[in-house]
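Note that the protein sequences, when read in sequence, are chains A, B and C. Taken in order, the first sequence gives residues 3 to 90; the numbers are from this note's numbering. Taken in order, the second sequence gives residues 5 to 410; the numbers are from this note's numbering. Taken in order, the third sequence gives residues 77 to 1052; the numbers are from this note's numbering. Note that the Cβ used here is the ideal one computed from N, Cα and C, for glycine as well. Given the structure is predicted, the values throughout are model-derived calculations rather than measurements.
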Amino acid sequence: MSLTLTCPICGERNGYEFRYGGEDKGPRPDRARLTPEQWCDYVHMNDCVAGVQKEWWFHRDGCGAWFTTHRDTRTGLETDGPDNAART
Amino acid sequence: MFGKSKRLWPRAPMKTAYDAVIIGGGLHGLATAYFLARDHGITDVAVIEKNYIGFGGAGRNTAIVRANQRTQENVPLYKEALDLWPVLTKELDFNLMFYNCGNLNLAHGEATLKAMRLNVATAQFHGVKSQLVDPKECKELVPALDISDRPRYPVFGGMYHPPGGIVRHDAVVWGLAKGAAKRGVHIHQGTEVAGIGTSQGKVVSVETDRGKIHTPRVLNAAGGYAAALSHAFLRQRLPISVLTIQAMVTQPLKPLLDHVVSSGTYHCYGNQTLKGEIATGAHMDPWPNYTTDTTAYYIKHQAEALTEMLPCLKGVKFMRHWAGLADMTPDMAPIMDGNDPIEGYYVDCGWGYFGFKSSTVTGKYMAQFMAKGECPDILKPFQLKRFQEHRLMGETAALVNYSPDN
Amino acid sequence: MNRLTHLPTLRIRPESRRDIHYRGKAHPAAAGDTIATALYANGVRIFGRSLKYHRPRGLYSLDGECGNTTMAVDGVPNVRTETVPARAGMTVKAQNVVGSAERDLLGFMDALSFAMPAGFYYKTMHKPAPVWPLAINRIRKQAGLGAIAPDFEITGVFDELYPRADVCVVGGGPAGMCAALAAAEAGLRVILLEARPWMGGFFDYRAAAHPGGGLLHERARELADQVEKAPTIRVFTSAAMTGAYHDNLITAVQQGGDDDPFDSRYLQIRAGAMVAATGCIERPLLFENNEKPGVMQVGCAHRLARTWGLMPGEKIAFSVGHDLGLEAALDLAELGGRVVCVADIREDGQDPALAAALAERRIPYFKGWVATEAQGRPTLGRAVFSTITGTVQKEFSCDALVASAGFTPVTGPLNTAGAKLAYDNHTGFFLPTDLPPKTHAAGRIMGLQDPLSLETSGRLAGLRAAADCGKRVDDAVRDAEAALASQPGPERGCKLVTAPVKGKKTFICFDEDTTLKNVKQAMAQGFDVPELIKRFTAAGTGPGQGGIPGHNLPLFVAQTQASPDKHPRPTTVRAPLVPPLLAEYAGTNHDMSKRTPVHESQAAAGGKMERIAVWNRARVFSKSKGAKAEIENVRTNVGMLDASTLGKFRIFGPDAVKALQRVYAGDMTKIPSKRMKYAAMCNDDGCLLDDGVIVKQGDAGANDFYFTASTGRAGQTVEWIRYHAKYENWDFHLVNLTDAYGVINLAGPNARKVLEKVADADVSNDAFPFMGYREFTVNQTIPVRAMRLGFVGELSYEFHVPSSWMQALWDVLAEAGAEFGIQNFGLEAQNTLRMEKGHVIIGSESEQRTNLLDLGLGFLWDRNKPEAKTVGAVALRQAEHQKGRLKLVGFRMAEPADRAPKDGSPIVDDRIRGYVCTARYSHALDMPVGMALVEDELTPEGTRLSIFEDGCEGNLIHGEIVSMPFYDPDGKRMRM
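Laid out in structure tokens, this is it:
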């Protein structure tokens, strides 16, 4: 148990209280005229950044909030808390 | 045999052009290089490895091999892989130490038994030995197993697969490197790829930190880094999440486990290496990482799970714990594709934690793919377009649950 | 053996005697003895045999750095006897021996070592091919240290503790104690971990003078006393750190002492900052037979005498590369030992006072000399020395050879914390160049040896850790920095890697029997990185891991390379830093399973409880095959099922409908009052994730809904709905009521008769029709949410009641139903009942490839609903007319006499075309029926299916597609 994450509501907590929710891909696209390629790109494809990425987390064993945070995938550690979106 | 030792793979000069460049000196890259040279006469091949060969998943897996997968697309591929170990041992004149001890997979409930029945029957339909066994038979196979009602998930039965076993993973790396180098392949260790050059929709070059290489063919076999490189070099995104997977070994013991034992319910497997260590792993931290750091949570979880199945192991010690990367796809099946939309660019990735057992046969068919430019039939189900066509592979019955994308 | 007595440094209490058993004899031990010191005191010199060559092995480090002295204790293999206290009644056995440790029948293996060069196994035994499987058996038996019985059951109490601290200090030597004191003085909570049973480190056993006055061991006790008295320092002794992880999570394993209520304790500490003050071990001296019993390190010999009162031998020779070695030689002589010679690797740089003292005692002292070979069989009898160039030789008869090339800092805590280390030319150490945040190092680990420097560096690290924790200690830090700068800095380390030998029997790794020659062989074959040499020669992969070879291997490789490397590269240090038992990690039982509110009564009624995911549920009550009696009772009478595991939720607020529209495939704007809406959730691929019912609560405009989810999905429902609303600023609240409500399913043609007796409402078919939802009380007391639905295909009610009322309602219904012969039914009966109705269970009739349409549940998808970016809708549209998909069908057996095929059996022709999901003998229909997923081409009614069961050996059985549901296709019985 090593990762800790900062929940915007509960503060810094053990990483295993959370569930990862994917790279931040923006709002769901409108259904109309969505081609299979565009659909697949939104649903399945990832950037797989080796570095800092903005991503979603859910505080499962806590307040139940979804929030974004910034984490460096090379170290596995949070870099900036949820409030600082400047790093994307 | 005990004569003067010489290098297993000689140092080679870096040329400015090759017929094919392979990114990644892991098992898939080395195997593809070997088969390009062996089967297709393409010997002017460079394998580019950032660290040293076998640094990544090739040297971090627990070396289990088997052919009792769920789908008919997978079983023949893995069956051929199993058959290749003795062949390659002879051909490479290097003992890959295939220990054909068989695999026992435990069921802890009705639903798992049913799922196993599909795997068993699918294997039998393809002529692969696999059978369901009851708890008593499980105990006969693995006397250390607890088949009482004490564990939180008691044993309901199991799937026994005699043709599987373990292989010495390092030996496969070194053997393939030896075999490929002998046929003219250049292995460049300590060399990092920095880009892939294209022109008019075709691959023309590979940039490295030791200069540019002109080539019409590139295979991205960079394991955990394949998706990141694909995106960074060619803006091609892949349906992959890279997770850290951990494994550990106990101190060496006299023979205790005569088979590989595994349990999906406990997220745990154990097998005893020829050195006597019990290697175990399986569970993963479900968020993406490129770190190979281990966690305290994991080793503790593994000890709990393993000792519920095999209580005597409580008296044994863990001695080494390490981690590697698993590039997971939404359907737990790999992506083997290429020559489309970029001519000459091939990918072999998304193996998750199945990359070891399939490595040699994948190399064989990816070599064919790269030599002929056309996807061999056996690899067609693994193409990338299945994701946009809503045709997942079905290799796991359940939805893969590491990100809420599904 | 006579022990030295009356030494102030002794840690044994000879008056407290206990016996341990070895080779059939009771061996007396004193309180404070480890197993190893107790055996040594009883004359045992050979503790076991080595892995490959069965070479005899003995005491070497006393800190368990190698497997030399690991033994089996009370059935547990590989016990590090050098660090485990001797307890009364222990039974100890030597490992890897055939016969005894002294006379091992496999001792001849040593003579064959020439035939096993590095990479031996890779190049042999595969030709001809049939040899290999035979060789495997031989190899397996030879391999492995220690054995465990398959039926072994460990005894003991394995405790766990998860403390928090501001500062965690690893190592209770002088630097660690000073660090802990400094942090505590700054007002912080400190945890100090010490692997030995007492604090003091390398001051503890030394009688040399402390520059600040007094003797070192006196200073150790003084500092330990201060630490113990500091109110905010919590000391864990006998607690060996196993690893440091991100964000200063530190794990350790503590051995219980005679008076502790546990045998062993797993510690997991979350600290604000860490100070690593783990000191040094010794770098082994490389010479021929450098691991022969009798050869031991300086600390081992010195502590043997000073701590345990045991003189290491009758005639003691020294070959060392540092002043600590000279001090030990003098001290042993002082204590009455006979020191036959001291070879010092260094030509110069010694403490002149020590050299003079050796001369005064007339101990032969050779500068620039080194041991080259240990001789004697099976234990040491004589040692050969030479100048470090190997030109001149001398021999000394001796039974103990104290050998040590230099020091190796114990950097494991830093390595596992993620520090970067680089080779330092002055000390010869791998020193940290880049420490992770809030991580500090102090003491000998940094190359310091001077007592005052050690204490100051500890104090400085403790203050810096305090600063990390927000304490303002700038002035104190500056003072400590200035003090440290004025004190002696890191000492120059001895650089000698190996004595002038060929290396055939010079062991760089004891545990794996790896010699210098083996390393050279590996290098010749192209393995030029220490990490690869480790893999190829196995050096450093044994029970002691890098303890013995960790420092020497990179140095030797760097020196041996074609172009010698000035920057040796270390091999990776991995957790666990000391090997814990799996029992220690596993600790107590962490199972978290859930029981329904009527668990006890279900079990008491004969329910066979089964663990299904987190829940315990009753599979069957009756003994009849396939739960026949339970099934028939539901079909013809009335039964009760505990369905409390269903997911139950409330969603309310102005935007509640928007959230429902997003995740459910149907149109959620159309939920009528007093009726249920059956609905399905898909994932983005259109695959069925969940189904359940939704009912409106309150009045028409309330925006308040109660809904159910399947058991397996209950845990993820809240996160799923919120996930898909995460970019929207919707105003709704979602509450998980799964554990707050229990559920009873009352089903069967007599269900209404039972209900009428107790319900305070009109429950006639007109007043409470099929798919209706009502709220009423039972017996004027119990508040019930009642739903009339038909999963099992009969007249059926689901009662949702607050968990605290659940047992009461159950009892009321049971009593009311008694006159009809009401019976419990379990999951097995439910499974057949619902299957007869063609109702799916997610995961049973669906998998990752099946979407809503494939299951014939297209009616749950409203393709004309207002655009809500509904999850799965795009995929359903795109895949709607796709060919080759697996579709759910019903089938019966082609031969009426055939039994139902086994669940999971594939459906085949020349390839696999689908598989059986669930098939059962239907008592209602009096024939076997089942559901299967098959390719769309096979779906027309009447299509013959060939079923390939496991073990059928090609004898297929056949089914035939029929329409579903099998039972009561018009659904009349649910509407009765």
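Three-way DSSP call (helix, strand, coil) for residue i in this model
i                 : result
Thr664 of chain C : coil
Gly723 of chain C : strand
Ala377 of chain C : helix
Pro644 of chain C : coil
Met5 of chain B   : Caution is warranted here: a pLDDT of 38 is assigned to Met5 of chain B, below 50, making its placement in the model unreliable, and the coordinate value is therefore given only provisionally. Of the three classes helix, strand and coil, the one that applies to Met5 of chain B here is coil, per DSSP.
His72 of chain A  : strand
Leu865 of chain C : coil
Val992 of chain C : strand
Gln601 of chain C : coil
Ala88 of chain A  : Per-residue confidence for Ala88 of chain A stands at a pLDDT of 38, beneath the threshold of 50, marking its modelled position as unreliable; the derived number appears in the next sentence. Coil, per DSSP.
Ala330 of chain B : strand
Cys244 of chain C : strand
Rounded Cβ spacing between residue i and residue j (contact assumed at less than 8 Å)
i                 : j                 : result
Gly220 of chain C : Lys258 of chain B : 4 Å
Leu497 of chain C : Pro508 of chain C : 6 Å
Lys913 of chain C : Tyr754 of chain C : With a Cβ gap of about 13 Å, Lys913 of chain C and Tyr754 of chain C do not count as contacting.
Phe472 of chain C : Ala459 of chain C : 6 Å
Val146 of chain B : Leu108 of chain B : 6 Å
Residues near residue i by beta carbon distance below 7 Å, same chain, minus five either side
i                 : result
Cys142 of chain C : Tyr136, Phe586, Asp587, Gly620, Gly623 and Ile624
Val174 of chain C : Asp180, Leu181 and Leu182
His999 of chain C : Lys704, Ile707 and Glu708
Phe373 of chain B : Gly342, Tyr350, Cys379, Pro380 and Leu383
Ala801 of chain C : Ala735 and Arg738
Gly762 of chain C : Asn927, Leu928, Gly948, Ala951, Leu952 and Ala955
Beta-ladder partner(s) of residue i, from DSSP
i                  : result
His1034 of chain C : C:Ser1022
Pro489 of chain C  : Paired residue(s): none; Pro489 of chain C is not in a bridge.
Tyr754 of chain C  : C:Val769
Met288 of chain B  : B:Ile249
Gln344 of chain C  : C:Thr327
Tyr321 of chain C  : C:Leu325
Pro859 of chain C  : C:Thr853
Ile68 of chain B   : B:Ile170
His165 of chain B  : B:Asn107
His325 of chain B  : B:Met252
Gln451 of chain C  : C:Arg458
Own chain residues within Cβ distance below 6 Å of residue i, not counting five before or after
i                 : result
Lys128 of chain C : Asp589
Pro90 of chain C  : Ala106
Arg11 of chain B  : none
Any non-hydrogen atom of the ligand ADP closer than 7 Å to residue i Cβ
i                 : result
Gly579 of chain C : The ligand ADP is not among the ligands present in this structure, which contains no ligands whatsoever.
Own chain partners of residue i with C-beta closer than 8 Å, once the 5 adjacent residues on each side are dropped
i                 : result
Val830 of chain C : Val714, Leu822, Leu889, Ala892, Gly893, Phe896 and Ile898
Asp95 of chain C  : Ala102, His103, Pro104, Ala105, Ala164 and Gly165
Three CB pairs or more closer than 8 Å across the stretch 674-691 of chain C and the stretch 352-363 of chain B: The answer is no - the stretch 352-363 of chain B does not touch the stretch 674-691 of chain C, with fewer than three Cβ pairs under 8 Å.
Inter-stretch contact (C-beta, 8 Å, three-pair minimum) for the stretch 417-428 of chain C and the stretch 562-582 of chain C: They touch, by the three-pair rule.
Cβ pair count under 8 Å reaching 3, the stretch 255-262 of chain C against the stretch 303-310 of chain C: With contact defined as three or more Cβ pairs closer than 8 Å, the stretch 255-262 of chain C and the stretch 303-310 of chain C are in contact.
Contact the stretch 478-489 of chain C vs the stretch 644-661 of chain C: 3+ CB pairs below 8 Å: As far as the Cβ criterion goes, the stretch 478-489 of chain C touches the stretch 644-661 of chain C, which means the pair count is three or higher.
Three CB pairs or more closer than 8 Å across the stretch 243-250 of chain B and the stretch 329-336 of chain B: Yes: at least three Cβ pairs fall under 8 Å.
Three or more C-beta pairs below 8 Å linking the stretch 187-196 of chain B and the stretch 70-83 of chain A: Contact between the stretch 187-196 of chain B and the stretch 70-83 of chain A is absent: fewer than 3 CB-CB pairs across the two stretches fall below 8 Å.
Cβ contact check for the stretch 222-235 of chain C and the stretch 313-328 of chain C: 3 or more pairs under 8 Å: Contact between the stretch 222-235 of chain C and the stretch 313-328 of chain C is absent: fewer than three C-beta pairs spanning the two stretches fall below 8 Å.
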